[in-house]
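Order-wise, the sequence lines are chains A and B. Those letters in the first sequence? Residues 0 to 445, by numbering that gives the first Met the number 0. Those letters in the second sequence? Residues 0 to 477, by numbering that gives the first Met the number 0. Think of the CB as a built atom: it goes at the ideal place given N, C-alpha and C, for glycine as much as any other residue. Structure record follows, encoded as structure tokens.
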Amino acid sequence: MKEEDNLLILAGVLDLVEAGAQGEAYLQRRRRLNIEVREGRVETLQQAGDHGLGLRVINDFRLGFAYTTDLSREGLARVAAQAHANAAAAAPDEYRRFPAPAPPVEGLFLYDDAVRQVPVAEKIDLALAMERAAREEDGRVSIIESSVYQDEEVEVAVANSGDLRQTYRSANFAAYVALVASADGDSQTGFALDQSLKYGDLKTREVGREAARRAVGQLGARPVQTREMVVLLDPYVTGGFLGLVAPALTGEAVLKGRSLFAGRVGRQVAAEHVTLVDDGTLTGGVSSAPVDDEGVPTSRTVLVEHGRLNGYMHNTYTAARLGGTSTGNGTRGSFKSTPETGVTNFYLEPGTADPAALMSDLAEGFLVTEVLGMHTANPISGDFSVGATGRLIRNGRLAEPVRGVAIAGNVMDLLLGIEAVANDLRFIGGIGAPTVRVKRMHLSGH
Amino acid sequence: MANKELTVDKSLLKEALAAALAKGGDFADIFVENKRTTSVSLEDARIERVQSGVDNGAGVRAIQGGTTAYAYTNDLSREGLVAAAETVAQAARGGRGQRSIDLGNLTPHLEFKVERRPDEVDVAEKTGAVQAADRAARAVDRERIRQVMVGYGDVIQEVVIANSDGVYVEDERIRTRVVVQVVAAQGALMQTGLETSGGAAGFELLSLEKPAEMADKAARRAVSMLEAGPAPAGRMPVVMAGEAGGTMIHEACGHGLEADLVLKGLSVYGEKMGAEVASPAITVIDDATLPGRYGSYRFDDEGTPAEPVVLIEKGRLKDFLFDHFSAQKQRRRSNGHGRRESYQHKPITRMANTYIDRGDMDPDKIIRETGHGLLVRKMGGGQVNTTTGDFMFEVAEGYLIKDGQRGPLVRGATLTGNGPDVLKQVTMVGNDLGFGTGTCGKDGQGVPVGDAQPTMAIREMVVGGVTGASGSPRIRRL
Chain A
0 MKEEDNLLIL AGVLDLVEAG AQGEAYLQRR RRLNIEVREG RVETLQQAGD
50 HGLGLRVIND FRLGFAYTTD LSREGLARVA AQAHANAAAA APDEYRRFPA
100 PAPPVEGLFL YDDAVRQVPV AEKIDLALAM ERAAREEDGR VSIIESSVYQ
150 DEEVEVAVAN SGDLRQTYRS ANFAAYVALV ASADGDSQTG FALDQSLKYG
200 DLKTREVGRE AARRAVGQLG ARPVQTREMV VLLDPYVTGG FLGLVAPALT
250 GEAVLKGRSL FAGRVGRQVA AEHVTLVDDG TLTGGVSSAP VDDEGVPTSR
300 TVLVEHGRLN GYMHNTYTAA RLGGTSTGNG TRGSFKSTPE TGVTNFYLEP
350 GTADPAALMS DLAEGFLVTE VLGMHTANPI SGDFSVGATG RLIRNGRLAE
400 PVRGVAIAGN VMDLLLGIEA VANDLRFIGG IGAPTVRVKR MHLSGH
Chain B
0 MANKELTVDK SLLKEALAAA LAKGGDFADI FVENKRTTSV SLEDARIERV
50 QSGVDNGAGV RAIQGGTTAY AYTNDLSREG LVAAAETVAQ AARGGRGQRS
100 IDLGNLTPHL EFKVERRPDE VDVAEKTGAV QAADRAARAV DRERIRQVMV
150 GYGDVIQEVV IANSDGVYVE DERIRTRVVV QVVAAQGALM QTGLETSGGA
200 AGFELLSLEK PAEMADKAAR RAVSMLEAGP APAGRMPVVM AGEAGGTMIH
250 EACGHGLEAD LVLKGLSVYG EKMGAEVASP AITVIDDATL PGRYGSYRFD
300 DEGTPAEPVV LIEKGRLKDF LFDHFSAQKQ RRRSNGHGRR ESYQHKPITR
350 MANTYIDRGD MDPDKIIRET GHGLLVRKMG GGQVNTTTGD FMFEVAEGYL
400 IKDGQRGPLV RGATLTGNGP DVLKQVTMVG NDLGFGTGTC GKDGQGVPVG
450 DAQPTMAIRE MVVGGVTGAS GSPRIRRL
């Protein structure tokens with residue numbers, strides 16, 4: 000589809016917005032390829048495309064939303080009628096508005112045409128090579144649950160009754176492996192993932208090898224006695240905790256009285272080594288884009304600087320309510336939802352030390368490499384209690400593997416308790432984290 | 000079917016199936032869907048969002064040997080469906096190939112009665128119910144209740160399913176759901192209370208489980224959590240109340256009984272058919288045919304009629320859950336557990352309503368005989384690693400058991416354990432049965448599920464303490 004065609008559809012639906020009301024239309028088209036191999040054969044090959052349009056209408060300060068996959072004249076008429084009807088049922092809110100046009104961020108590399116140009120057969124070979132790399136890394140790899148290559152291209156167009164018109168296209172590539180290693184009657188799982196804006200940057204073989212190492216490293220894992228220990232979190236696990244912190248740093252959470260960071264701008268909310276950034280303009284970031292899902296230019300926002308809270312992520316609405324400007328964090332899950340405040344590329348800035356240096360002075364500690372149940376943590380209270388898997392640290396080195404213990408606490412205490420941040424920053428999707436060392440935590444085991 | 004929107008010509012389906020098998024392929028199916036949703040959400044005592052929409056699409060699958068090719072489209076025209084079918088044909092070469100397909104017409108063997116179709120209920124009635132819940136929650140404690148979030152959602156999903164074995168099914172599924180979350184605060188401490196209801200039902204769900212009563216319950220829990228002491232940590236006896244819901248059985252054993260995981264060698268239950276895998280007091284059933292439950296359906300998403308499946312009988316492993324693909328591998332028939340989130344997903348083996356059957360003991364007697372430990376009155380979300388059987392879930396409402404009596408409320412308990420190990424340690428099973436609802440995530444697909452269990456005593460589990468309760472209602476596989 001040409002960009003002009005997409006903008007034409009948006010203009011068509013905006014024409015259906017009643018006089019006196021304001022409209023905003025968002026169109027998304029996706030093409031996806033998903034290749035799953037197992038035991039040297041393609042198990043699933045999925046090639047598909049979809050599209051849809053979401054329409055927001057503000058009428059009399061009331062906001063209504065509707066979506067459709069039907070882009071015909073009838074489909075657009077129906078979505079417009081529904082959005083108006085939904086607006087009539089909502090409470091009025093004087094801060095409802097659509098953003099004014101502003102120049103998009105220039106110069107981002109977002110579309111690698113390998114997404115179309117590289118034949119499917121070559122991508123299948125990549126997934127197969129990744130599976131072989133996992134097997135060859137260690138003979139104890141017993142089952143490949145999945146070895147997956149995925150790519151996706153997305154076209155986005157957004158326009159509103161003011162003169163905002165934005166459109167761009169992007170592509171991204173991903174590979175992951177989930178496997179099982181077995182020895183002496185014990186089985187352990189391992190997982191690794193890489194995601195990239197460039198086909199050539201995807202480290203498929205390394206993903207296979209890493210998944211194998213993670214599983215094999217856990218063979219023979221046992222619970223430990225309940226005790227307190229200094230804890231290291233690897234990038235996967237730190238990233239999981241950042242996923243819990245991020246929602247509380249949105250203007251939305253502050254407005255709704257469900258942010259632990261509310262009213263604390265300028266105060267110390269984390270240890271001094273902690274700088275948290277959201278950057279929608281990050282070079283190579285899989286969530287980078289010229290504009291957010293309301294058409295506002297993306298930006299780099301330092302949320303926590305050396306432990307001090309600077310501010311929050313905003314979309315147009317939360318900025319209007321809290322008296323600021325949008326930080327370009329209006330994000331949608333898809334055309335089926337309204338733009339809420341959400342992260343783009345959200346990360347903890349790395350330190351300078353090697354991860355090994357973070358444990359070298361520890362007589363005893365625990366490196367967490369996987370947690371079970373992170374999604375059950377409470378993003379409002381910050382409380383978490385998760386099952387943990389990892390390795391004991393003894394005399395500055397990694398020792399035996401551990402599983403079946405629980406670590407619990409509050410994520411705010413965790414941020415304040417970060418003693419050191421390593422240099423191994425790694426992105427899992429839009430969230431990036433290095434290894435961190437946290438002061439003593441309670442481990443529930445036997 | 001009232002308000003029918005989805006019509007697909009049978010001859011077009013035949014043409015698409017034939018096109019999918021044009022280059023070979025042993026089996027092809029097509030899933031056409033029209034999904035209409037409405038949702039209302041309230042926060043800050045105001046109706047913030049009223050949203051609705053239509054999602055139309057079709058997924059075409061061809062299976063050749065062990066390979067599945069899948070494509071989907073929003074274009075339900077002849078060109079759109081045939082193009083999707085041709086895409087999968089390219090990937091499914093060799094094998095049996097094209098043959099004449101005669102589509103029958105399966106009529107539902109079950110009737111799920113919907114009293115009030117959600118598309119015939121005025122939006123004002125939906126917003127009214129949501130506002131009533133807000134008022135009820137705030138009335139519990141004007142000072143300490145800081146936020147109330149109420150969500151209402153309904154889905155009308157029309158499907159047409161056809162396959163190269165001649166199966167043809169038309170069905171309509173209606174689901175309604177309410178979520179109430181209350182935030183209470185005192186000083187720097189914040190606690191939450193969550194109540195959810197959901198069913199394969201229409202708007203009548205809201206008269207069976209009134210949002211205002213759910214809100215009252217959630218608010219009382221959030222407020223009392225502010226004063227609760229921290230949960231103890233370590234190993235101890237645990238009683239799970241029937242009203243706690245079935246997250247434990249879903250996590251501790253349900254996922255491990257899904258045939259796709261079993262056949263990949265990823266389940267601890269894989270090699271144990273016929274073996275004793277639980278205490279003799281335990282019978283586990285998955286039944287999609289229960290009227291009105293959140294995980295219920297008449298046909299699964301491959302057009303197989305739903306039936307109750309006894310998975311574990313008096314402690315012995317009896318069966319697994321099968322979809323078409325895993326059943327073919329085992330040269331048996333599917334037992335109706337091939338489900339998908341939407342036309343954008345290939346069907347995989349999934350649970351429906353999974354429960355531990357009731358026993359004969361009085362629940363109070365179970366607490367008395369346990370003496371001391373932890374009583375779980377409401378469960379939160381959970382997660383399992385099916386390969387090891389290790390699971391965890393959160394306790395949304397837990398009490399100490401002291402001297403055979405329910406003692407003080409404690410906050411922040413989670414339970415971690417190993418599925419087969421915990422089920423063998425069940426010592427007493429009550430005569431009650433309480434259901435929970437959730438959205439189960441697996442391989443990136445979310446589907447509605449129900450689960451239930453009677454009151455049960457477990458000899459010993461690891462309690463992880465010192466945190467707050469009740470996050471999201473999601474249930475997720477690793």
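For secondary structure counted as the alpha helix (DSSP H) over 4 or more consecutive residues, the segment 53–123 of chain A holds these complete runs in sequence order: 72–88 and 113–116.
Within the segment 351–382 of chain B, the runs of alpha helix (DSSP H) that reach at least 4 residues and sit entirely inside it are, in chain order, 362–369. Of the other Cβ atoms in all chains shown, 16 or more fall within 10 Å of the Cβ of ALA84 (chain B); this residue is therefore buried.
Annotation for LEU125 (chain A): TYR148 and THR203 place their beta carbon closer than 6 Å to its own, counting only its chain and skipping 5 residues before and after. For ALA214 (chain A), the enclosing alpha helix (DSSP H) begins and ends at 203–216.
Residue B:PRO419 holds the alpha-carbon nearest to the alpha-carbon of ARG315 (chain B) among B:GLU47, B:PRO419, B:LEU432 and B:LEU204. Under the Cβ criterion of 7 Å, ARG257 (chain A) is counted among the residues facing chain B. Its chain contains GLY201, PHE202 and GLU203 as the residues whose beta carbon lies nearer than 8 Å to that of ARG115 (chain B), once the 5 sequence neighbours on both sides are disregarded; these appear in chain order. Residues of chain A with a Cβ closer than 8 Å to the Cβ of THR191 (chain B) are, in chain order, ASN377, ILE379 and SER380. ASP423 (chain A) carries a coil assignment under DSSP once its states are collapsed to helix, strand and coil. Comparing alpha carbon positions, the residue from B:LYS34, B:GLN327 and B:GLU250 closest to ASP170 (chain B) is B:LYS34.
Between the segment 45–64 of chain A and the segment 239–256 of chain A there are fewer than three C-beta pairs closer than 8 Å, too few to call the two in contact. A residue is called buried once 16 or more other Cβ atoms fall within 10 Å of its Cβ, and PHE319 (chain B) is buried on that count.
Here PHE30 (chain B) is not near TYR296 (chain B), since their CB atoms are 7 Å or more apart.
By the neighbour-count criterion, in which 16 or more other beta carbons inside 10 Å mark a residue as buried, PRO290 (chain B) falls on the exposed side.
For GLY397 (chain B), the enclosing beta strand (DSSP E) stretches over residues 389–401. Using a Cβ-Cβ cut-off of 7 Å, LEU201 (chain A) does not count as an interface residue toward chain B, since no Cβ of chain B sits closer than that to its own. Using a Cβ-Cβ distance cut-off of 8 Å, the segment 338–358 of chain B and the segment 437–450 of chain B are in contact, since at least three pairs of beta carbons, one from each stretch, lie closer than that value.
The distance from the Cβ of LYS3 (chain B) to that of GLU157 (chain B) is about 7 Å, consistent with a contact at the 8 Å cut-off. Inside the segment 47–79 of chain B, DSSP marks whole beta strand (DSSP E) runs of 3 or more residues at positions 66–72, from first to last along the chain. Using a C-beta cut-off of 8 Å, the segment 415–429 of chain A makes no contact with the segment 382–398 of chain A, since fewer than three inter-stretch Cβ pairs fall below that distance. Within the segment 387–400 of chain B, contact with chain A at the beta-carbon level (separation under 8 Å) is assigned to THR387, ASP389, PHE390, MET391, PHE392 and GLU393.
The continuous stretches of alpha helix (DSSP H) do not include LYS1 (chain A), and DSSP gives it neither H nor E.
Separation of the CB atoms of VAL268 (chain A) and LEU241 (chain A) is rounded to 14 Å, and the pair is thereby denied contact status at 8 Å. Annotation for THR303 (chain B): no alpha helix (DSSP H) segment contains it, and DSSP assigns it neither H nor E.
As the crow flies, the alpha-carbon of ASP286 (chain B) is around 8 Å from that of VAL309 (chain B). Not a single C-beta of chain B is nearer than 7 Å to the C-beta of TYR316 (chain A). With distances taken between CA atoms, GLU399 (chain A) lies nearest to A:PHE365 out of A:SER384, A:PHE365 and A:MET373. For ALA432 (chain A), the enclosing beta strand (DSSP E) covers residues 430–432. DSSP links SER266 (chain B) through a beta bridge to no other residue. Counted as a single uninterrupted DSSP element, the beta strand (DSSP E) harbouring THR300 (chain A) occupies residues 299–304.
Pairing GLN404 (chain B) with LYS271 (chain B), the inter-Cα distance amounts to about 38 Å. In the DSSP assignment, ALA183 (chain B) falls within the unbroken beta strand (DSSP E) covering 167–185. When the Cα atoms are used, VAL147 (chain B) and THR175 (chain B) turn out to be separated by approximately 20 Å.
When C-beta distances to chain A are compared with 9 Å, the residues of the segment 123–144 of chain B below that value are ALA123, LYS125 and THR126, in chain order. Close to GLU144 (chain A), with beta-carbon spacing below 7 Å, are these residues of chain B in chain order: LYS263 and LEU265.
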